[in-house]
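Letter 34 of the sequence shown, counting from 1, is numbered 81 in the numbering used here, and no numbers are missing.
Beta carbons are placed, not taken as given, at the ideal position from N, Cα and C, and that holds for glycine.
These figures come from a predicted structure and were not determined experimentally.
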Amino acid sequence: MPVRVTVNGDAPYDVVVGRHLLGELPGMLGDGVRRVLVMHPASLSATGEAVRADLKEQGYEAFAVELPDAEEQKTAQVAAFCWQVLGQADFTRSDAVVSVGGGATTDLAGFVAATWLRGIRVVHMPTTLLAMVDAAVGGKTGINTAEGKNLVGAFHPPAGVLCDLAALESLDRWDLVAGMAEVVKTGFIADERILELVEEHAAELHGWQGADAAEATWDVVAELVERSIRVKARVVGEDLTEQGLREILNYGHTLGHAIELTERYQWRHGAAVAVGMVFAAELGRLGGKLDDAVVARHRAILESLGLPTTYRGDRWDKLVSAMRRDKKTRGDLLRFVVLDDVARPVRLEGPDPTLLAAAYAEISTEPPTGRPGVQVQLGL
Ligand code: GLY
Numbered sequence: 048m049p050v051r052v053t054v055n056g057d058a059p060y061d062v063v064v065g066r067h068l069l070g071e072l073p074g075m076l077g078d079g080v081r082r083v084l085v086m087h088p089a090s091l092s093a094t095g096e097a098v099r100a101d102l103k104e105q106g107y108e109a110f111a112v113e114l115p116d117a118e119e120q121k122t123a124q125v126a127a128f129c130w131q132v133l134g135q136a137d138f139t140r141s142d143a144v145v146s147v148g149g150g151a152t153t154d155l156a157g158f159v160a161a162t163w164l165r166g167i168r169v170v171h172m173p174t175t176l177l178a179m180v181d182a183a184v185g186g187k188t189g190i191n192t193a194e195g196k197n198l199v200g201a202f203h204p205p206a207g208v209l210c211d212l213a214a215l216e217s218l219d220r221w222d223l224v225a226g227m228a229e230v231v232k233t234g235f236i237a238d239e240r241i242l243e244l245v246e247e248h249a250a251e252l253h254g255w256q257g258a259d260a261a262e263a264t265w266d267v268v269a270e271l272v273e274r275s276i277r278v279k280a281r282v283v284g285e286d287l288t289e290q291g292l293r294e295i296l297n298y299g300h301t302l303g304h305a306i307e308l309t310e311r312y313q314w315r316h317g318a319a320v321a322v323g324m325v326f327a328a329e330l331g332r333l334g335g336k337l338d339d340a341v342v343a344r345h346r347a348i349l350e351s352l353g354l355p356t357t358y359r360g361d362r363w364d365k366l367v368s369a370m371r372r373d374k375k376t377r378g379d380l381l382r383f384v385v386l387d388d389v390a391r392p393v394r395l396e397g398p399d400p401t402l403l404a405a406a407y408a409e410i411s412t413e414p415p416t417g418r419p420g421v422q423v424q425l426g427l
């Protein structure tokens, strides 16, 4: 039986987690929709076409656009092309968009839906772990500009989200592991059972075998997805526009975003967030808030999944200036989420620079020598 999690807000919606959920799509699109644009990256053209064909069979006028893969699709040019398709097919306020893809597709399709006629319905069908537990839920949409990632966007909650676990069958292990960083984050900020599940099953998750994974491993993945979504649903249901509570979802992200920028986006988001979480944990410890054991737990869990927990020591100045430019910085003050304990996140604004440098020293390594290491294995 699929699991249904409701996200509260002005227009509540359901996130359904299960298998083979296409039959749920018309219900999520709701009444009055005649035309549907399915947006999918080139690498998912078979899945996107299957969704389009199914919608057509159900009586909708169904269209599809094939997008560039990954971040390449999150541009103003691609958005403009989608607006052109919507315009030429006479999409009205009561028509809808369906996204089929990872977080980049969710962000772009959400943005196109948010901006067409000042907002039409969108249903997300995320196909990666990261998109299921993070990007597809919560209504953040956006595109990149030459100056940075996600600088243009809107809050536009979907009409519903279908997390079809069957999509994870074809996910390679590093995609799964990179998505697990956000799952672990959710555990540290809000749900210790997530941490216990990862601790008990790290070997299977690290060696993810997709369709060949044991049934027990699938059960664990399903529970992790569901628990992560429940936390995210509760948080964004209370604070859609990030006025307060939603900030806890940025645990590990202040330094994580700076690493991504410094690495020119050659690192996966999850890997950068993993390092960022250890940094935040060290900040908490050195600030006298967090026990050594919880910091050690960060390292143990992330390393057991094969995620990095250190970063080159010669990059601190670059990282600080990247953090200062981050769109979440307010005025001159750097903002971090730290923990008092597991599931007890607090905001830390404008910490002492010596504390920051000391925390960085705790995660620093020698600059890489070019030998392959975990970062290369991660495809960073
Ligand atoms: N990924 C953080 C958020 O949705 O707020």
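The beta-bridge partner set that DSSP reports for Cys210 consists of Val64. For Thr53, the enclosing beta strand (DSSP E) has its first and last residue at Val50 to Val54. Met227 is bridged by DSSP to nothing; it lacks a bridge partner.
Membership of Ala404 in the alpha helix (DSSP H) is indicated by the continuous run Pro400 to Ile410. Excluding the 5 residues flanking it on each side, Arg66 has same chain C-beta neighbours closer than 8 Å at Pro49, Asp211, Leu212 and Ala213, in chain order.
The shortest CA-to-CA distance from Thr401 to any of Asp387, Asp364, Val389 and Glu413 is the one to Asp364. For the region 85-133, the continuous alpha helix (DSSP H) assignments of 4+ residues that do not extend past its boundaries occur at 92-104, in sequence order. A distance below 8 Å separates the beta carbons of Val132 and Leu84. Of the other Cβ atoms in all chains shown, 16 or more fall within 10 Å of the Cβ of Asn191; this residue is therefore buried. Cβ atoms of Val170 and Gly226 stay farther apart than 8 Å, at about 21 Å. Per DSSP, the continuous beta strand (DSSP E) segment holding Val199 begins and ends at Gly195 to Phe202. Taking all protein chains shown into account, Thr53 has fewer than 16 neighbouring C-beta atoms within 10 Å of its C-beta and is therefore exposed. DSSP, read as helix, strand or coil, puts Ile190 in strand. Within the chosen limit of 7 Å, the ligand GLY reaches the beta carbon of Asp181 through at least one heavy atom. The shortest CA-to-CA distance from Gly77 to any of Val231, Phe326 and Tyr107 is the one to Tyr107.
A distance below 8 Å separates the beta carbons of Arg220 and Trp255. In the DSSP assignment, Tyr298 is bridged to no other residue. By the Cβ neighbour-count rule, Lys103 is exposed, with fewer than 16 other Cβ atoms within 10 Å of its own.
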